[in-house]
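These protein sequence lines map, in sequence, to chains A and B.
Letter by letter, the first sequence follows residues 1 to 112 in the numbering used here.
Letter by letter, the second sequence follows residues 1001 to 1119 in the numbering used here.
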Amino acid sequence: DQQVKQNSPSLSVQEGRISILNCDYTNSMFDYFLWYKKYPAEGPTFLISISSIKDKNEDGRFTVFLNKSAKHLSLHIVPSQPGDSAVYFCAATGPGANNLFFGTGTRLTVIP
Amino acid sequence: NAGVTQTPKFQVLKTGQSMTLQCAQDMNHEYMSWYRQDPGMGLRLIHYSVGAGITDQGEVPNGYNVSRSTTEDFPLRLLSAAPSQTSVYFCASSYTLTSGSRGSYNEQFFGPGTRLTVL
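Below you can see the structure in the form of structure tokens.
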């Protein structure tokens, strides 16, 4: 049973506009959430994370929002650039744990 | 630092053959793990280790063995390959929660992956 879900397999956005990637989770014990970015033929690379004690974390063009009551998080990329085209994975983990539970990924295409 | 390295990059096996996927890291990370990535399934944890001599099962451990004799190396063994094990395999490492400098969670660094096909 998938505990972390990304219901949009793909997203296309014009360069310069905002990209919003969504993620839902079912396990209320998850307390830390991460986004990873993956280019073809490479391993995932860490992008940004958020603890459950926060509802927003910002790093440059990337912002992650967490809504604990809805068990939902989103990644905003503003402005989107062609180099952002990749597959984005949402991941979650619980207290005292290193193990990650991943979503199925969303392929973002930024159109120049 | 080379980070996390994996060999081989590609491998084709016949059903029933055995092989070992190699993973090494040079960051002195205590935690290492193996994931497999399948279409529509995301990444799923196979086995993990929190230090030399300690291993445990993840979500999908069947058909795989691991060992951790050193901090640096964490090989994944397929004892008798099956077509269902056709996948891309990623190794990852990080500090554990009791050490490192990132606070409540330490990001995992991933290797470049091994694409395995079992015929």
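Beta carbons: idealized from backbone N, C-alpha and C, even for Gly.
With fewer than 16 other Cβ atoms from the protein chains shown falling within 10 Å of its own Cβ, Phe1010(B) counts as exposed.
Gly96(A) and Asp31(A) have their C-alpha atoms roughly 10 Å apart. The stretch 1-21 of chain A makes no contact with the stretch 1073-1089 of chain B; the number of CB pairs closer than 8 Å stays below 3.
Interface annotation, Gly103(A): in contact with chain B, CB-CB separation under 7 Å. Within the stretch 1018-1043 of chain B, contact with chain A at the beta-carbon level (separation under 8 Å) is assigned to Tyr1031, Ser1033, Tyr1035, Gly1040, Met1041, Gly1042 and Leu1043. With a 10 Å radius around the Cβ and a threshold of 16 neighbouring Cβ atoms, Ile53(A) comes out exposed. Gln3(A) sits away from Ile111(A), with the two beta carbons spaced by 7 Å or more.
Contact check for Leu11(A) against Thr106(A) passes: the beta carbons are separated by less than 7 Å. A Cβ-Cβ contact shorter than 7 Å links Gly43(A) with Gly1113(B). Per DSSP, Ile1046(B) is one residue of the beta strand (DSSP E) stretching across Gly1042 to Gly1051.
For Phe1010(B), not one C-beta of chain A is nearer than 7 Å to its own C-beta. Looking only at Gln1022(B), Met1032(B) and Ala1092(B), the smallest Cα-Cα distance to Ala1052(B) is reached by Met1032(B).
Under a criterion of Cβ atoms nearer than 9 Å, the residues of chain A adjacent to Tyr1048(B) are, in order, Asn98 and Asn99.
In this chain, the beta strand (DSSP E) harbouring Thr1117(B) covers Thr1114 to Val1118. Between the beta-carbon of Thr1117(B) and that of Glu1030(B) there is about 32 Å, and that puts the pair past the 8 Å contact cut.
Under DSSP, Phe102(A) shares a beta bridge with Ala91(A). Residue contact with chain B for Phe46(A): present (Cβ-Cβ distance below 7 Å to some residue of chain B). Shown here for Leu1021(B): same chain residues with a beta carbon closer than 6 Å to its own, the five before and five after excluded, namely Leu1076, Tyr1089 and Thr1114 in chain order.
Look at the stretch 1081-1100 of chain B: the residues with a C-beta under 7 Å from a C-beta of chain A are Phe1090, Ser1094, Thr1096 and Leu1097.
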